[in-house]
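Remarks on the structure that follows.
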Amino acid sequence: RTSNILEDLETLRLFSRLIPEYCKNMDEQDIIDNAFNLIFAFDEIIALGYRESVNLAQIRTFVEMDSHEEKVFQAVRQTQEREAKQKMKEKARELQKARQEAGRKGGGRGGSGAPPSFGFGGGMGSTGASVAVTDSIGASGEPQKPSYLATGRTGGPTKALKLGSKQKEWDTFADQLKQEGENISSPTSSKSPTSSAKSAISSPATPQEPVCLNVEEKVTLVAQRDGGLQNMEIHGLVQLRITEEQFARVKILLDTHDDKGMQIQTHPNIDKELFKTRSHVALKNPSKPFPLNSDVGVLKWRLQTQD
1 RTSNILEDLE
11 TLRLFSRLIP
21 EYCKNMDEQD
31 IIDNAFNLIF
41 AFDEIIALGY
51 RESVNLAQIR
61 TFVEMDSHEE
71 KVFQAVRQTQ
81 EREAKQKMKE
91 KARELQKARQ
101 EAGRKGGGRG
111 GSGAPPSFGF
121 GGGMGSTGAS
131 VAVTDSIGAS
141 GEPQKPSYLA
151 TGRTGGPTKA
161 LKLGSKQKEW
171 DTFADQLKQE
181 GENISSPTSS
191 KSPTSSAKSA
201 ISSPATPQEP
211 VCLNVEEKVT
221 LVAQRDGGLQ
231 NMEIHGLVQL
241 RITEEQFARV
251 KILLDTHDDK
261 GMQIQTHPNI
271 DKELFKTRSH
281 VALKNPSKPF
291 PLNSDVGVLK
301 WRLQTQD
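At position 42 of the sequence shown (counting the first as 1) the number is 42 in UniProt numbering, and the numbers step up by one without a gap.
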């Protein structure tokens, strides 16, 4: 490039004035700390090998990169954030006030008088009946009328735990429901199938076959509010029970066709290679039998999916 000694000297003087402008102590650490500011300032003086017509004040302004438009934008954004926070606080106060008013209305209605009580169930006093029979208030603020007829109980203390009058009270309540067209069965008849079902569940039948397989599968499912599946995990277990010694060395063929990516794990004493190749469940050592009259977990599987 063509050189002008006067312009070069002026440029060098401008460089020498820039360094103390950003570096107060003029030592190595101070220069390292302000290296980027010095580079930006030097870049404002020389561009593509030519000196720019700038002075020290202009260089200081360019390096600071002060923008009026940016300040206006930041001020507008801060104002919007403050307004949004204020609206949120007002909305929270309105919700809190509405919640308190609803609580006062519910409390005043609960304490205004004794709600209708049927008295069915020997272990229920006046408090339990009030919780079960209290009618709700509609959106219009008017109480909904109950569709049943309340018994003619008026003031005076009620006696809880009246065991002798249980059948009589049930008959009164059943007569009221029959007048409305409901089919009512006696409580004694409804108890018998429940008790029989409980006895059937509590005492499972003992297996009578010499070789029995028990398959258990547990499903853990997490669903979203809209009914969509979030996560599902399935754990399975196959238990073998042998009751006769002649079947103690049995081989069991299982259908292990799987296209869902299920993880299958065999018992350590089960021949894993035989299970992989032929889907047979058998012991590694054919000379050893399965234990008799005991449940042995021979196979486990696990499946986790989000579909």
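Glycine residues also receive a C-beta, built at the ideal position from the N, C-alpha and C atoms. Only a predicted model underlies this, so the values are computations on that prediction, with no experimental measurement involved.
Exercise. Can at least three beta-carbon pairs, one atom from the region 245-252 and one from the region 222-236, be found at a separation below 8 Å?
Worked result: Using a Cβ-Cβ distance cut-off of 8 Å, the region 245-252 and the region 222-236 are not in contact, since fewer than three pairs of beta carbons, one from each stretch, lie closer than that value.
For this session: Check whether the region 268-284 touches the region 216-231, taking contact to mean three or more Cβ pairs, one atom from each stretch, closer than 8 Å.
Result: Contact check between the region 268-284 and the region 216-231: fewer than three CB pairs, one atom from each, fall below 8 Å, which does not count as touching.
Exercise. According to DSSP, which residues form a beta bridge with R241?
Worked result: DSSP, once it has assigned bridges, lists C212 as partnering R241.
Exercise. Residue range of the alpha helix (DSSP H) that R278 falls in?
Worked result: Start and end: K272 to R278.
Problem set entry | N231 in three-state terms, based on DSSP | Strand, per DSSP.
Exercise. Nearest-angstrom Cα distance between Q263 and Q246?
Worked result: So the alpha carbons of these two residues sit roughly 32 Å apart.
Problem set entry | Between the CA atoms of Q304 and D226 - distance to the nearest angstrom | Between D226 and Q304, the alpha-carbon positions lie close to 21 Å from each other.
For this session: Identify whether A248 lies in helix, strand or coil by the three-state DSSP scheme.
Result: Of the three classes helix, strand and coil, the one that applies to A248 here is coil, per DSSP.
For this session: Using a threshold of 8 Å, state whether the C-beta atoms of L38 and Y22 are closer than that.
Result: A contact, by the Cβ cut-off of 8 Å.
For this session: Flag this pair as yes or no: are the beta carbons of V298 and V238 separated by less than 8 Å?
Result: Going by C-beta atoms, V298 is nearer than 8 Å to V238.
Exercise. D30 and K24 look like a contact to me (Cβ under 8 Å); what is the Cβ gap, rounded to whole Å?
Worked result: Between D30 and K24 the beta-carbon gap is near 7 Å, inside 8 Å, which marks them as a contact.
Exercise. Under 8 Å, do I242 and P268 count as touching if we go by C-beta distance?
Worked result: It is not a contact, given that the beta carbons lie outside the stated cut-off.
For this session: Can you have a look at A197 and say buried or exposed, based on whether 16 or more other CB atoms are within 10 angstroms of its CB?
Result: Bear in mind that a pLDDT of 49 at A197, under 50, signals an unreliable position, so the number given afterwards is only what the model happens to contain. Burial is judged here by how many other beta carbons sit within 10 angstroms of a residue's own beta carbon; A197 has fewer than 16 and is exposed.
Problem set entry | Buried/exposed call for D8, threshold 16 Cβ in 10 Å | With fewer than 16 Cβ atoms within 10 Å of its Cβ, D8 is classed as exposed.
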